[in-house]
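Going by the working numbering, the first residue of the sequence shown is number 2, and it counts up by one from there.
All C-beta atoms, glycine included, are put in the ideal place defined by N, C-alpha and C.
A short worksheet on the structure shown next.
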Amino acid sequence: MLSYANKYHLMLIGCGAMGGALLRGWLSAQVPGFKNITVITPRQVSVDSFMHDERVVHFATLSDFLKSLEDKSSKEFWPDILVYAAKPHMTSRILPDYKNICTSQTTFLTVAAGKGLSHYQELLGEGPALVRAMPNTPSAIGKGVSLLISSVTSPLAQEKKKQVTSLMDSVGSSYWCASEDEFDRATTLSGCGPAYVFAIVEALEEAARSLGLSQEMAQNLTYETFQGALSYLASNNRTAADLREEVTSPGGVTQAALSILQGTEGLNSLFCNALQKAYQRALDFREPSS
């Protein structure tokens, strides 16, 4: 029989890229109150790297979890926070089975992209408190940014809100949004942002190689320049614009490059268009046409 000697029981459904990143971050951060985490996923390989940690319990299915209990009706072992990190398109197939273990004491936290709160309410009913979260993958190293939104019509109780905030702050920082629209707009920056950074790094590496630098030098100079510049920005009270101007001599090498990057079809225009495109796609997912 399972035994949870902690105040809160956290259950994670799915352990792919995002679920795995969160689990890794939570285990490293020693999240207060969450001594044990039950992971439900049929993919054993996705949890293998975590099984050395005695706080992690794995089951292939919810049915396997319930069978492990001496008394299946005992709510003592049901999750206080249930985190959905499986694929968005699988919600309608997976979540109805969890409705019976989602009570008024349960907080259901979904990190799956796209689906709005109303979708989860249809699947789980009025029982659990519902929260949408959009963390990003740096959560795996405690440097993540998470967006959070709960139902406006059924506000989250203060104790549960503190619990969720503490959970997501343990892997970085978290921000509560006033509406799902604000949540979707902000997702285009922090949720998608790491991919933008990686794409820029890729592009700079490729550009450096086109000038004749070796792959190793191009990669090392790009990584270290990004890390150094961001650390320098974070340690200053000045804006990014101030620091850019500081290193841009009139008529110099840097200005020659910036004349391209900040031209009519440069970064400003590209990012405005990119974020607008991402926001529209988020709306398509949240409010699919009938």
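Check	Outcome
Secondary structure at V132, three-state DSSP: helix, strand or coil?	strand
Rounded to the nearest angstrom, what separates S232 and N238 at their Cα positions?	12 angstroms
According to the Cβ coordinates, are I14 and I41 closer than 8 angstroms?	yes
Taking the CB atoms as reference points, tell me whether I10 and D81 lie closer together than 8 angstroms.	Note on identity: in this sequence residue 10 is His, with Ile being the wrong assignment. Result yes, Cβ atoms of H10 and D81 sit closer than 8 angstroms.
Considering N101, what are the terminal residues of the alpha helix (DSSP H) in which it resides?	From DSSP, N101 is part of no alpha helix (DSSP H); its letter is neither H nor E.
Under 8 angstroms by Cβ, that's how I've got G20 and A86 pegged, so tell me the actual separation to the nearest angstrom.	3 angstroms
Cβ of L149 within 8 angstroms of Cβ of A130?	no
Roughly how many angstroms lie between the CA atoms of F184 and A279, to the nearest whole one?	12 angstroms
Looking at C-alpha atoms only, which residue of S180, V46, P195, T92 is the closest neighbour of T140?	Here residue 140 turns out to be Ser, not Thr, going by the sequence shown. Comparing Cα positions, the closest option is P195.
Taking the alpha-carbon positions, what's the E123 to S171 distance?	30 angstroms
So for S4, helix, strand or coil by DSSP?	Caution applies to S4, whose pLDDT of 45 falls short of 50 and renders its modelled position unreliable; the value that the coordinates give is listed next. Three-state DSSP puts S4 in coil, outside helix and strand.
In or out: G173 buried (at least 16 other Cβ within 10 Å) or exposed?	buried
Give me the residue from H120, Y176, K116 with the minimum Cα distance to D285.	K116
Out of F66, L83, T189, L212, state which residue places its alpha-carbon closest to the alpha-carbon of L168.	L83
Roughly how far, in whole angstroms, is the beta-carbon of T166 from the beta-carbon of A283, given that I think they are within contact range, below 8 angstroms?	That belief does not hold up - the Cβ atoms of T166 and A283 are roughly 23 angstroms apart, past 8 angstroms.
Cα-Cα, which of S93, A230, E207 is closest to Q220?	E207
Tell me, which residues are paired with G173 by DSSP?	G145
By the DSSP assignment, the alpha helix (DSSP H) with L271 in it spans what residues?	268-287
Since H10 is in the beta strand (DSSP E), which residue starts that stretch and which ends it?	10-14
Reducing DSSP to helix, strand and coil, say where S93 ends up.	helix
Taking only the alpha-carbon atoms, compute the straight-line gap between S215 and F272 and give it to the nearest angstrom.	29 angstroms
Our contact map puts G128 next to S105 with C-beta atoms below 8 angstroms; I'd like the distance itself, whole angstroms only.	6 angstroms
According to the neighbour-count rule (16 or more other Cβ atoms, all chains shown, within 10 Å of its Cβ), is K161 buried or exposed?	buried
Is S291 helix, strand or coil by DSSP?	Because S291 sits at a pLDDT of 42, beneath the cut-off of 50, its placement in the model cannot be relied upon, and the point is left open.
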